[in-house]
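Take a look at the structure set out below.
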Amino acid sequence: MPKIDQLLRIVKDANASDLHLTVGSVPIIRVNGELEKTRTKSLTGDIIKQLIYEILTDGQIRAFEKSGDLDLAYGIDGLARFRINIYQTYRGLGAAIRLIPDQILDLSTLGFSEAVTKLLEFRSGIVLVTGPTNCGKTTTLAAMVDYINTKLSRHMITLEDPIEYIHQNKNSL
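In this text, residue positions in the sequence shown follow my numbering: the first is 6, and each later residue adds one.
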């Protein structure tokens with residue numbers, strides 16, 4: 006089991022949304038919007054590199070070392086999926102890790118009107134979902150795909166990097 010899995014279990018057990026790994030700090034989790042220090046030891050650049058590189062492929066390591074930034078999805082069977090952003094700062098390697106919710110919320114729960122569901126029933130066209138970081142784009146798109154998958158019989162193709170939500174075939178492919 007990769008060592009980072011222990012930290013990710015802390016995230017899940019604390020019902021946290023995020024984990025931040027920064028050189029010179031203990032791992033920090035975000036619970037209900039508030040940052041909380043974990044009861045673990047302070048991180049060095051070497052520790053963070055070991056934690057992160059253990060779960061990367063050789064290709065991902067090369068891509069990160071070339072650009073200084075990498076986004077990926079990572080899953081722990083029976084626990085959860087996570088979106089990971091790895092970045093390079095003047096202090097060294099860092100990572101921001103977000104827990105991907107287990108359940109996909111429906112559009113009405115997210116506050117969308119029936120007009121949005123009607124839009125999704127068109128046979129052709131394009132829908133753009135845009136906005137700043139952390140405004141709900143991924144959650145909205147997951148709800149839209151789930152609506153189509155549940156209510157309609159369609160063949161869907163999504164372009165994602167990284168793939169966060171894994172949709173099982175229901176009425177659509």
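In this text, a Cβ means the ideal position worked out from N, Cα and C, and glycines have one as well. Only a predicted model underlies this, so the values are computations on that prediction, with no experimental measurement involved.
Excluding residues up to 5 positions away in sequence, E126, N176, S177 lie with their Cβ nearer than 7 Å to the Cβ of L157 in the same chain.
By the 16-neighbour rule on beta-carbons within 10 angstroms, P137 is exposed. Per DSSP, K42 is one residue of the beta strand (DSSP E) stretching across 39-42. If you look at R14, you'll find it in the alpha helix (DSSP H) that goes 9-18.
T135 has its alpha-carbon roughly 22 Å from the corresponding atom of Q108. Boundaries of the beta strand (DSSP E) around I33: 33-36. Of all C-beta pairs linking the region 9-23 to the region 98-105, three or more are shorter than 8 Å, placing the two stretches in contact. Remark: C-beta atoms of G50 and V31 do not approach each other more closely than 8 Å. For G97, the enclosing beta strand (DSSP E) covers residues 97-105. The Cβ atoms of P167 and R44 do not sit closer than 8 Å to each other. The C-beta distance from L84 to I57 rounds to 18 Å, too long to fall under 8 Å, and the pair is not in contact.
In the three-state reduction of the DSSP assignment, F87 falls in the strand class, which pools E and B. With distances taken between CA atoms, H25 lies nearest to I91 out of Y79, R67, I91. In this structure, DSSP gives A21 a state outside helix and strand, which the three-state scheme calls coil. Of the candidates Q93, F117, K71, S22, Q93 places its Cα closest to the Cα of I53.
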